[in-house]
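Residue numbers for the sequence shown follow the working numbering, beginning at 3 and rising by one.
Glycine included, each C-beta is placed from N, C-alpha and C at the ideal position.
Notes for the one structure printed next.
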Amino acid sequence: MLQTLGRVLGTVAKWGASETHIDLIKSCRGFYWLQNISTFPAESRQFKHSNDLSKRSHVIGPSSPPLLKDTISSNLRRTVEKYPTNNAVVSLAQKQTLTYQQFLNNVENVATGLLLLGVQKQDRVALWAANCLEWAVISYATAMIGSIQVSLNPALKENELVHALNRSGTSVIILSPEFKGESQIAVLQRVENKSPMLRHTILLDNNKINEGDVPSHWLRWNHFLNTTGSASSKINGSLHAREKSLHPDDPINMQFTSGTTGLPKAATLSHFNVVNNAYIIGHLLSYSAADRVCIPVPLFHCFGQVLGNLACTTHGATMVYPGPVFDSSAVLRSVESEKCTSLYGVPSQFISELENPDFDKFNLNSLRTGIMAGAPCPVKIMRKVRDTMFMKDIAICFGQTETSPVSFQTRKDDSEELRVCTVGTVHPHIEACVVDPETHEIVERGVSGELWIRGYSVMKGYWNDPEATQNTIDAQGWYHTGDLAVLNDQGYCKIVGRIKDMVLRGGECLFPREIEEFLHQNPVISDVQVFGVPDEKMGEQLCAWVKLKKTECSTRRGADAGEQVLIESDMKKWCLGKISKHKIPKYWKIVSEFPTTASGKPQKYLMRRQAIQELGLETVAAELQKERGKEE
């Protein structure tokens, strides 16, 4: 089925939907395209169905709980009415706590300030900061006035920042002074004249920066708040009028997707997208006002903003921020001191927590649930987290930014095998199918193919990029994920890998995810990433980058003091007899870290690029690329 790797992603066939599909798509909300995103052509694609419906890899989620018709601010107000004195947010690094009523008051103050600056509906307001209490307040304030929050990674470099500001058309940016020791003030100063739509800059400095180090035309946070307070009585009517004018289908958030071969695209999400996705995530986790959720994942990513903040506020739970960036000790301390009931993380973060030298000293028995997502979750790690961190109800969530983001989730009553080996079943109100990437025919259950998603959660589109939108979402609203998946007879989904990560070795398709799961059984391996590199004879060969545990390492000293070099023969010998020979990586490298996205997802294209250079395969890569006519 997947014989020609180069054509898998680029195939575009014409299709038309059945009456059932048309009725379903008409019943879904959220397919209201932005005015600056052109509509799809009338020409449609041919979606091919198998005859026996019971065998098709096609599932539709339940209709309960019902979808909410809220905006972010109307939902927040309802929560505040129910739980005004409950803690809304705790920021341990800042030593600050806000009740829900205090949180709403702060949100209204910031929203008022933005109105005073002249921010209109659908104006773009960029937030360029790490996790902090102000981040949450600003996020809800932009939603309250109907502007579109542009979530920016604080690690962006100059060119990346310019691209994000200009692609989004940002008119206001709110930033922190620095991130991991690098001055964000200096970076923005160097590029602000390259962003012609930028009108206002607000610095989250709390007067800790010397006056001379802040450009005179910038607003400092405390001054911004003081101005807001003096004018709040005059503009309250305007704020309430703006709120009432909002519609759940209005665009409210821009998330830049990680670019792999080109510049990042701005996925645009609505109130309806994210409020309902967050609400359903929390519902499936049985969240209530008694829950306290530890959120060490970035707020500028959907994992932190939707699965974290919004899942809390839609259920009255407490948001707990351990610090501005991930630190395993800070996370474990936060869980213990705040008696958190839920903990989030990508697999590498949970691995770091489990390997923390003081892990056994922390009391984590308040935990009952949490989410592991953002990257493939090794079965071994999942079991260890559940058993040693008391997270008996931990869930795997799967999705993408473009789907708000979660489409599949494990349930607490799923069997152990299903909860550690699959990403669960489809979310309520979501439709999913697995198709042959070349023919677009729905495959039978148990057969791998590309996963497609349709429903309320599909983004409104890529901002100002109709071509990319049309290449990703077809005429009937199906979002083509680019993920290889398998649906079993009960509708549970297993992610095999990314289509673009599949390795074609000697004409045979190899799936890195399978090999990674196998290598995780090795007692000296902490984490591993497997990918393909070019080979003159076989087309591609497997390459493994390995992070070793701090003990029991099969290593020797390298040329540089302290450098550990993995003995390839030891690893290959361990693999023999346990996995087919053609699945044993040819190349091995020991690393301390993997290149990752802001959310912690490993970036295999960067590993591949570096490996090609280090292995001297540039000429082979160029020749194979030329022969196949495919882009690197």
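**Prompt:** Straight-line CA distance for S59 to L489?
**Reply:** Indexing the sequence shown from 1 puts residue 59 at position 57. Indexing the sequence shown from 1 puts residue 489 at position 487. Taking the straight line from one Cα to the other gives about 6 Å.
**Message:** Per the DSSP calculation, A268 is bridged to which residue(s)?
**Reply:** Here residue 268 corresponds to residue number 266 of the sequence shown, with the count starting at 1. Beta-bridge pairing links A268 to F258.
**Prompt:** Does DSSP put W1 in a helix, in a strand, or in coil?
**Reply:** What is shown of the chain runs 3 to 634, which leaves residue 1 out entirely.
**Prompt:** With T270 and G148 assumed to form a contact (beta carbons below 8 Å), what rounded beta-carbon distance in angstroms separates them?
**Reply:** On the sequence shown, position 268 is the one that residue 270 refers to. On the sequence shown, position 146 is the one that residue 148 refers to. About 14 Å separates the two Cβ atoms, so there is no contact after all.
**Prompt:** Which residue's Cα is closest to the Cα of F400: M321, G534, L512 and Y494?
**Reply:** As a working note, residue 400 is residue 398 in the sequence shown. That would be Y494, whose Cα lies nearest to the Cα of F400.
**Prompt:** Expressed to the nearest angstrom, what Euclidean distance is found between the alpha-carbon atoms of V276 and S240?
**Reply:** To locate residue 276, count along the sequence shown from 1; it is residue 274. To locate residue 240, count along the sequence shown from 1; it is residue 238. V276 and S240: Cα-Cα distance of roughly 25 Å.
**Request:** Determine the DSSP secondary structure at L369, reduced to helix, strand or coil.
**Result:** In the sequence shown, the residue the question calls residue 369 occupies position 367. Here L369 sits in coil by DSSP.
**Prompt:** Under the rule that 16 or more other beta-carbon atoms within 10 Å means buried, what is G448, buried or exposed?
**Reply:** Counted from its first residue, the sequence shown places residue 448 at position 446. G448 comes out exposed.
**C-alpha gap between T316 and E355, whole angstroms** = For this step, residue 316 is matched to residue 314 along the sequence shown. For this step, residue 355 is matched to residue 353 along the sequence shown. Straight-line Cα distance between these residues: approximately 28 Å.
**Request:** To the nearest angstrom, report how far apart H202 and V61 are at their CA atoms.
**Result:** Position 200 of the sequence shown, counted from the start, is the residue given in the question as residue 202. Position 59 of the sequence shown, counted from the start, is the residue given in the question as residue 61. The alpha-carbon atoms of H202 and V61 are separated by roughly 47 Å.
**Asked** Residues in its own chain within less than 7 Å of K386 by CB, not counting five upstream and five downstream?
**Response** Position 384 of the sequence shown, counted from the first residue, corresponds to residue 386. Result list for K386: L356, in chain order.
**Prompt:** Given A613, which residues of its chain have a CB within under 6 Å of its CB, disregarding the five upstream and five downstream residues?
**Reply:** Here residue 613 refers to the residue found at position 611 when the sequence shown is read from its first residue. Result list for A613: V535 and C545, in chain order.
**Prompt:** Looking at the structure shown, is C423 part of a helix, part of a strand, or coil, going by DSSP?
**Reply:** Within the sequence shown, numbered from 1, the residue matching residue 423 stands at position 421. Reduced to three states, the DSSP call for C423 is helix.
**Message:** Relative to the C-alpha of H225, which candidate in N195, C296, G115 and Q257 has its C-alpha closest?
**Reply:** Counting from 1 along the sequence shown, the entry for residue 225 is found at position 223. Comparing Cα positions, the closest option is G115.
**Item:** Cβ pair L135, Q151 closer than 8 Å
**Value:** Residue mapping note: residue 135 aligns to position 133 of the sequence shown, counting from 1. Residue mapping note: residue 151 aligns to position 149 of the sequence shown, counting from 1. No; because the gap between Cβ atoms is not below 8 Å, this pair is not in contact.
**Asked** Taking DSSP as the reference, what is the three-state secondary structure of R201?
**Response** Counting from 1 along the sequence shown, the entry for residue 201 is found at position 199. It is coil, neither helix nor strand.
**Message:** Relative to the C-alpha of I497, which candidate in H482, Y346, L453 and D537 has its C-alpha closest?
**Reply:** Numbered from 1 along the sequence shown, position 495 holds the residue referred to as residue 497. Checking every option, the nearest Cα to that of I497 belongs to L453.
**Asked** Short check: CB of G451 to CB of D438, under 8 Å?
**Response** Position 449 of the sequence shown holds residue 451. Position 436 of the sequence shown holds residue 438. Contact: yes.
**Asked** Going by other Cβ atoms of all chains shown within 10 Å of its Cβ, with 16 needed for buried, is H482 buried or exposed?
**Response** The sequence position of residue 482 within the sequence shown is 480, counting from 1. H482 should be labelled buried.
**Item:** Three-state secondary structure (DSSP) of N657
**Value:** It is not possible to answer for residue 657, since the shown part of the chain is limited to 3 through 634.
**Asked** Which residues bound the beta strand (DSSP E) around K496?
**Response** Taking the first residue of the sequence shown as position 1, residue 496 is located at position 494. Unbroken beta strand (DSSP E) run through K496: C495 to R500.
**Asked** Roughly how many angstroms lie between the CA atoms of S641 and K574, to the nearest whole one?
**Response** Outside the displayed range of the chain (3 to 634) lies residue 641, so it cannot be described from this structure.
**Prompt:** For M374, does the three-state DSSP call read helix, strand or coil?
**Reply:** As a working note, residue 374 is residue 372 in the sequence shown. In this structure, M374 counts as strand in the three-state DSSP scheme.
**Request:** Identify which residue in R79, Q104 and E595 has its Cα closest to the Cα of S350.
**Result:** Here residue 350 refers to the residue found at position 348 when the sequence shown is read from its first residue. Selected option, being the one with the closest Cα: E595.
**Prompt:** Considering only C-alpha positions, which residue in the set L366, K539, V327 and P525 is nearest to F181?
**Reply:** If you number the sequence shown from 1, residue 181 lands on position 179. The residue with the shortest Cα to Cα distance from F181 is V327.
**Message:** Is it buried or exposed, L389, if we count other Cβ atoms within 10 angstroms and call 16 or more buried?
**Reply:** Here residue 389 refers to the residue found at position 387 when the sequence shown is read from its first residue. Note that residue 389 is Asp in the sequence shown, not Leu. Under this definition D389 is an exposed residue.
**Message:** According to DSSP, simplified to helix, strand and coil, what is V121?
**Reply:** The residue you call residue 121 lines up with position 119 of the sequence shown. DSSP places V121 in coil when its eight states are reduced to three.
**Message:** Under DSSP, the beta strand (DSSP E) around H60 begins and ends at which residues?
**Reply:** Position 58 of the sequence shown, counted from the first residue, corresponds to residue 60. Note, H60: beta strand (DSSP E), H60 to I62.
**Prompt:** If we count Cβ pairs, one from each stretch, closer than 8 Å, do we get three or more for the segment 278-292 versus the segment 302-318?
**Reply:** yes
**Message:** Quick check on DSSP: helix, strand or coil for W662?
**Reply:** Here the chain has residues from 3 to 634 only, and residue 662 is not among them.
**Prompt:** Does the separation of the CB atoms of L100 and V91 fall below 8 Å?
**Reply:** Counting from 1 along the sequence shown, the entry for residue 100 is found at position 98. Counting from 1 along the sequence shown, the entry for residue 91 is found at position 89. Result yes, Cβ atoms of L100 and V91 sit closer than 8 Å.
**Asked** What are the start and end residues of each continuous beta strand (DSSP E) run of 3 or more residues lying completely inside the segment 140-175, in chain order?
**Response** 150-154
**Item:** Secondary structure of I398, DSSP reduced to three states
**Value:** Taking the sequence shown and counting its residues from 1, the one referred to as residue 398 is at position 396. Strand at I398.
**Request:** Evaluate contact between the segment 410-421 and the segment 470-481, counting only Cβ atoms and requiring at least three cross-stretch pairs below 8 Å.
**Result:** no
**Request:** Quickly, what does DSSP pair Y589 with across the bridge? List them, please.
**Result:** The residue labelled residue 589 in the question sits at position 587 within the sequence shown. Paired residue(s): C545.
**Prompt:** Given a threshold of 16 other Cβ atoms within 10 Å of its Cβ, counted over all protein chains shown, does S247 qualify as buried or as exposed?
**Reply:** Locating residue 247 in the sequence shown gives position 245, counting from the first residue. Result: exposed.
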